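Peer 1: Next up is a structure, given as structure tokens.
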Amino acid sequence: MNANLVIVLFDGFAFGMLLFVLSVGLSVTLGLMNFINLAHGAFGMLGGYVAVTAMRQLGFPFLLALPTAFLAAALVSVVFERTLFRRLYRAGELNQVLFTIGLVFVSAAAATYVFGTGQQPIVLPDWLRGSVVVGELRFGVYRIFLIAMALAITALLVFGLERTRLGARIRAAVDNQRVAQGLGINVDRIFAVTFALGSGLAGLGGALAVEIVGLDPSFGFHYLVYVLIVVAVGGLGSVTGSFVGAALLGIGDVAGKYFVPEIGSFLIYLMLVAILLVRPLGLFGKR
Amino acid sequence: MSNTTTTAIDPAAWIRRQSRWSALEVAFWLAALLPFYFFPTYLMLASQIAVAALFAISVDLILGYAGIVTLGHAMFFGIGAYTAGLLSAKAGWGEPISGLLIAGAMAGAVGFVVSFLIVRVQHLALIMVTLGLGLLTYELANAMSWLTGGTDGLRGIDIWPIFGLFRFDLWGYTAYSYTLAVLFLGFLAARRIVNSSFGLALRGIRENVRRMPAIGSPYRRHLQAIYTISAAIAGLAGGLLTQTTNTVALESLSFQRSADVVVMLILGGTGRLYGAVLGALVFLLVRDRLSGVNPQYWYFWIGLMLMVVVLFMPKGILGGLTRLAGRTKG
Chain A
0 MNANLVIVLF DGFAFGMLLF VLSVGLSVTL GLMNFINLAH GAFGMLGGYV AVTAMRQLGF
60 PFLLALPTAF LAAALVSVVF ERTLFRRLYR AGELNQVLFT IGLVFVSAAA ATYVFGTGQQ
120 PIVLPDWLRG SVVVGELRFG VYRIFLIAMA LAITALLVFG LERTRLGARI RAAVDNQRVA
180 QGLGINVDRI FAVTFALGSG LAGLGGALAV EIVGLDPSFG FHYLVYVLIV VAVGGLGSVT
240 GSFVGAALLG IGDVAGKYFV PEIGSFLIYL MLVAILLVRP LGLFGKR
Chain B
0 MSNTTTTAID PAAWIRRQSR WSALEVAFWL AALLPFYFFP TYLMLASQIA VAALFAISVD
60 LILGYAGIVT LGHAMFFGIG AYTAGLLSAK AGWGEPISGL LIAGAMAGAV GFVVSFLIVR
120 VQHLALIMVT LGLGLLTYEL ANAMSWLTGG TDGLRGIDIW PIFGLFRFDL WGYTAYSYTL
180 AVLFLGFLAA RRIVNSSFGL ALRGIRENVR RMPAIGSPYR RHLQAIYTIS AAIAGLAGGL
240 LTQTTNTVAL ESLSFQRSAD VVVMLILGGT GRLYGAVLGA LVFLLVRDRL SGVNPQYWYF
300 WIGLMLMVVV LFMPKGILGG LTRLAGRTKG
């Protein structure tokens, strides 16, 4: 029983880290421009398909497929941002929600058209397969890799936001866009860069997710709910918040499905509603 | 005492003028009778459209008029559907009209409780709370499969003839007459609401929440009232679907249904009631056509329509038509 608990916590934390990589970009862009981008999960899906295709068709090794997924998602997203999304920054949340949900629908249909509705398998290199045995506990190597990746990304993000010039500009723009603009910061460009980075991370998350949750055209839709929960619970524009929110959700989800499979999802949604009613801005939200 | 009010428009007269029936409206409702004569094989589809239109009207009341963005309204639709279904399947009461009223009342009661939560949050948190509550209800119904039948759906529903006279027939004559009548009554109620001082107060909330308390309007109570009414109407729509199809699927509570109804409303145009009806009509007709060709890609067209409507027709099809009409009139 104790061993089970440890494994559930471990698997849950690994799943949470995956959700963190998928959603942290949305948290930052939402905090920056108040643009509710429900297509964030679709960029994750794009990353997944790019990674799978790159490995299968072009023979890329897994470690090269990951940055490829990141770049592809970042590039595509910045094209969308510059041409379409930016028209909607002042259009009200309903229009943003609808437009980006429309994009999710279209992307799901496009993925079906190109890849079919089936699950896309990914072949991991040998060193990522199997598990590490400690006493009677078995920890999946891939999950350890996932946690290490997520922690490295967190460290990079925190360092980047706290210590670099770009990070300072982003924080300034999140805190007060108008004053930041007044100080000569090009908020428009900051946002394009942040958007690309955030969507790139989603793409990377999508590529990492294939092994854990599989990949099919409903990915963008299915994980949208998880991503939104992480963002809403964590609070907008907060990397720490997303980290805590994702870890909570991942552990809660895996533990719920393991110990009380009947009502596991029910408890997750209950927690979501309860947290938002007590703290409408999320656990770490400032405004 | 100043006399300035005499020069302004008398508000009561303004509301009366707004609520006058135009010839176009009369023609529209007469056209709703056409399927009986011209498309008798499509009466079941027509009945589904009437149900969807009533549901879309309920969402228009809160989204289009009061500005509450919801992604979980299927919750009330499903509660109505299951109430009407359980009344017949478990309690053995198949009388349609009382069953429908009970379904509406049940959804309204839940809506009243939920409205206390809804008025506490705004923006993203509001969207997430409605979404969360919708998903929660779905999971609850799924977990209580002993009562709801779970993923198999609720079976064994037997609805008695309306007034003891009109049996629900295979072709849908009764079904469409019944749903159209309820849709019309629901529409009349919604029309009365939006053309009242209460309806104006709602529009005020939509335009500027902060200013309403400043002019002495209790906006929280107004929001709660319209949310409860909207939930009850959604429950009626759900009850209608159960009674005309004799089955309740878990799908009636799904996120898909919540999203679809918002899509219908946006396609038609928000904040104008007829937009809801028109949106439901277009959505279901196009789906009926396209899903016959290749169901996989149906959502491609819906997604594309949504994006085009948001970018180029912010007020929906009806808003676009109104603008065109205004242009030709000069």
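In order, the protein sequences belong to chains A and B. When we follow numbering that gives the first Met the number 0, the leftmost residue of the first sequence carries the number 0, and every step to the right adds one. When we follow numbering that gives the first Met the number 0, the leftmost residue of the second sequence carries the number 0, and every step to the right adds one. We treat Cβ as the ideally placed atom computed from N, Cα and C, and that holds for glycine. From a predicted model like this one, the values you see are computed outputs, not experimental measurements.
1) Would Gln343 (chain B) and Gly63 (chain B) be called neighbours here (beta carbons separated by less than 8 Å)?
2) For Phe158 (chain A), count neighbouring C-beta atoms within 10 Å of its own C-beta (all shown protein chains included) and say buried if the count is 16 or more, exposed if not.
3) Determine, using beta carbons only, whether His72 (chain B) comes closer than 8 Å to chain A.
4) Could you check which residue in A:Asn33, A:Gly240, A:Leu155, A:Leu102 has the C-alpha nearest to that of Leu223 (chain A)?
5) So, is Asn94 (chain A) buried or exposed, given that buried needs 16 or more other C-beta atoms within 10 angstroms?
6) Taking only beta-carbon atoms, is Val272 (chain A) less than 8 Å away from chain B?
7) From A:Gln180, A:Val5, A:Ser198, pick the residue whose C-alpha is nearest to that of Leu70 (chain A); which is it?
8) Between the segment 246-255 of chain A and the segment 215-235 of chain A, do at least 3 Cβ pairs fall closer than 8 Å?
9) Starting from Leu136 (chain A), trace the beta strand (DSSP E) both ways and give me its first and last residue.
10) By the three-class DSSP mapping on this structure, what secondary structure does Val224 (chain A) have?
11) List the residues of chain A that Val112 (chain B) touches, going by C-beta distances under 9 Å, in chain order.
12) Can you pull the chain B neighbours of Asn94 (chain A), defined as C-beta to C-beta under 8 Å?
13) Per DSSP, what kind of secondary structure is Gly319 (chain B) in: helix, strand or coil?
14) Does the segment 189-196 of chain B come close enough to the segment 112-124 of chain B to have 3 or more Cβ pairs within less than 8 Å?
15) Between A:Ile184, A:Gly236, A:Ala147, A:Val105, which lies nearest to Ser297 (chain A) when the distance is taken from Cα to Cα?
16) With 8 Å as the threshold, decide whether the Cβ of Glu80 (chain A) is near any Cβ in chain B.
17) What are the residues in the segment 100-132 of chain A lying within 9 Å of chain B by C-beta distance?
18) Determine the contact status of Ser106 (chain A) and Gly219 (chain A), defining contact as a CB-CB distance below 8 Å.
19) What are the boundary residues of the beta strand (DSSP E) that includes Val132 (chain A)?
20) Report yes or no: do the segment 130-150 of chain B and the segment 263-281 of chain B share at least 3 C-beta pairs separated by less than 8 Å?
21) With H, G and I counted as helix, E and B as strand and the rest as coil, what does DSSP make of Gly165 (chain B)?
22) Looking at the secondary structure, which residues open and close the alpha helix (DSSP H) in which Pro66 (chain A) lies?
23) Examine chain A for any beta-carbon lying closer than 8 Å to the beta-carbon of Val281 (chain B), and answer yes or no.
24) Shorter than 8 Å from the beta carbon of Ala231 (chain A) to some beta carbon of chain B?
25) Taking Asp252 (chain A) as the reference, give the member of A:Asp10, A:Asn3, A:Ala2 with the closest Cα.
26) What is the residue span of the alpha helix (DSSP H) that Phe258 (chain A) lies within?
27) Quick check: what's the CA-CA separation for Leu323 (chain B) versus Ala50 (chain A)?
28) Whose C-beta lies closer than 8 Å to the C-beta of Thr3 (chain B) among residues of the same chain, with five residues either side of it excluded?
29) Give a yes or no on whether 8 Å exceeds the smallest Cβ distance from Phe190 (chain A) to chain B.
30) Between which two residues does the alpha helix (DSSP H) harbouring His221 (chain B) extend?
31) Let's test the definition: count the other Cβ atoms within 10 Å of the Cβ of Gly183 (chain A) and tell me whether it reaches 16, buried, or not, exposed.
32) To the nearest angstrom, report how far apart Ile61 (chain B) and Ile225 (chain B) are at their CA atoms.
33) Would Tyr64 (chain B) count as contacting chain A if we go by Cβ distances under 8 Å?
34) In whole angstroms, what is the alpha-carbon distance linking Ala49 (chain B) and Ala151 (chain A)?
35) Is Leu45 (chain A) closer than 8 Å to Ala72 (chain A) when the C-beta atoms are compared?
36) Between Phe14 (chain A) and the rest of its own chain, which residues show a CB-CB distance below 6 Å, the 5 nearest in sequence each way excluded?
Peer 2: In brief:
1) Nothing can be reported for residue 343 (chain B), as the shown portion of chain B is limited to 0 through 329.
2) Along the first sequence, one-based indexing puts residue 158 (chain A) at 159. Under a 10 Å Cβ-count criterion, Phe158 (chain A) is classified as exposed, with fewer than 16 other Cβ atoms of the shown protein chains found around its own Cβ.
3) Counting from one through the second sequence, the residue named residue 72 (chain B) turns up at place 73. So no, His72 (chain B) is outside the interface.
4) Along the first sequence, read from residue 1 onward, the residue named residue 223 (chain A) stands at position 224. Ranking the options by Cα distance to Leu223 (chain A), first place goes to A:Leu102.
5) Within the first sequence, residue 94 (chain A) is the residue found at index 95, counting from 1. That one is buried.
6) The count along the first sequence starts at 1 and reaches residue 272 (chain A) at position 273. With 8 Å as the cut-off, Val272 (chain A) counts as an interface residue toward chain B.
7) In the first sequence, the residue the question calls residue 70 (chain A) occupies position 71. Checking every option, the nearest Cα to that of Leu70 (chain A) belongs to A:Ser198.
8) With a cut-off of 8 Å on Cβ pairs, the segment 246-255 of chain A is in contact with the segment 215-235 of chain A, counting three or more such pairs.
9) To locate residue 136 (chain A), count along the first sequence from 1; it is residue 137. Where Leu136 (chain A) is concerned, the enclosing beta strand (DSSP E) stretches over 136-139.
10) Along the first sequence, read from residue 1 onward, the residue named residue 224 (chain A) stands at position 225. Looking at Val224 (chain A) - three-state DSSP - the assignment turns out to be helix.
11) Walking along the second sequence from the start, residue 112 (chain B) turns up at place 113. By Cβ distance, chain A contributes nothing, its closest Cβ being about 13 Å from Val112 (chain B), past 9 Å.
12) For the purposes of this step, residue 94 (chain A) is identified with residue 95 of the first sequence, where counting begins at 1. Contact note: Asn94 (chain A) reaches chain B through Val309, Pro313, using a C-beta cutoff of 8 Å and chain order.
13) Reading the second sequence from its first residue, position 320 is the one you call residue 319 (chain B). Reduced to three states, the DSSP call for Gly319 (chain B) is helix.
14) Contact between the segment 189-196 of chain B and the segment 112-124 of chain B is absent: fewer than 3 CB-CB pairs across the two stretches fall below 8 Å.
15) In the structure as shown, chain A starts at 0 and stops at 286, and residue 297 (chain A) therefore has no counterpart that could be examined.
16) Here residue 80 (chain A) is taken as the residue at index 81 of the first sequence, counted from 1. By this cut-off, Glu80 (chain A) is not an interface position.
17) The residues in question are Ile100, Gly101, Leu102, Val103, Phe104, Val105, Ser106, Ala107, Ala108, Ala109, Thr111, Tyr112, Thr116.
18) For the purposes of this step, residue 106 (chain A) is taken as the residue at position 107 of the first sequence. For the purposes of this step, residue 219 (chain A) is taken as the residue at position 220 of the first sequence. Closer than 8 Å, so yes.
19) Position 133 of the first sequence holds residue 132 (chain A). Element bounds for Val132 (chain A): 130-133.
20) By the criterion of at least three beta-carbon pairs nearer than 8 Å, the segment 130-150 of chain B is not in contact with the segment 263-281 of chain B.
21) Counting from one through the second sequence, the residue named residue 165 (chain B) turns up at place 166. This sequence places Phe at residue 165 (chain B); Gly is not what is there. Strand.
22) Residue mapping note: residue 66 (chain A) aligns to position 67 of the first sequence, counting from 1. Its alpha helix (DSSP H) spans residues 61-82.
23) Here residue 281 (chain B) is taken as the residue at index 282 of the second sequence, counted from 1. Residue-level contact by beta carbon fails for Val281 (chain B) and chain A, as no gap is shorter than 8 Å.
24) Counting from one through the first sequence, the residue named residue 231 (chain A) turns up at place 232. At least one chain B Cβ lies under 8 Å of Ala231 (chain A).
25) On the first sequence, residue 252 (chain A) is found 253 positions in, with the first residue counted as 1. Considering only alpha carbons, the answer is A:Asp10.
26) Taking the first sequence and counting its residues from 1, the one referred to as residue 258 (chain A) is at position 259. 238-258 is the extent of the alpha helix (DSSP H) around Phe258 (chain A).
27) Within the second sequence, numbered from 1, the residue matching residue 323 (chain B) stands at position 324. Within the first sequence, numbered from 1, the residue matching residue 50 (chain A) stands at position 51. C-alpha separation (whole angstroms): 48 Å.
28) For the purposes of this step, residue 3 (chain B) is taken as residue 4 along the second sequence, with counting starting at 1. For Thr3 (chain B), the pLDDT reaches just 46, beneath the cut-off of 50, and the residue's location in the model is therefore unreliable, although a value from the coordinates is still provided. Excluding positions up to five away in sequence, the list is empty.
29) Locating residue 190 (chain A) in the first sequence gives position 191, counting from the first residue. Cβ-Cβ to chain B under 8 Å: no for Phe190 (chain A).
30) Locating residue 221 (chain B) in the second sequence gives position 222, where the first residue counts as 1. From DSSP, the alpha helix (DSSP H) with His221 (chain B) extends over 218-244.
31) In the first sequence, counting from the first residue as 1, residue 183 (chain A) sits at position 184. In the assembly as shown, Gly183 (chain A) is an exposed residue. Its beta-carbon has fewer than 16 other beta-carbons within 10 Å.
32) Reading the second sequence from its first residue, position 62 is the one you call residue 61 (chain B). Reading the second sequence from its first residue, position 226 is the one you call residue 225 (chain B). Whole-angstrom Cα-Cα distance: 7 Å.
33) Within the second sequence, numbered from 1, the residue matching residue 64 (chain B) stands at position 65. For Tyr64 (chain B), the answer is no, since every Cβ of chain A falls outside 8 Å of its Cβ.
34) Looking up residue 49 (chain B) in the second sequence gives position 50. Looking up residue 151 (chain A) in the first sequence gives position 152. Approximately 55 Å, taken between the alpha carbons.
35) Counted from its first residue, the first sequence places residue 72 (chain A) at position 73. Counted from its first residue, the first sequence places residue 45 (chain A) at position 46. Yes, they are a contact pair.
36) The residue given as residue 14 (chain A) occupies position 15 in the first sequence. Exclusion of the five residues before and after Phe14 (chain A) leaves Gly249, Val253 as the residues of its chain whose Cβ lies within less than 6 Å of its Cβ.
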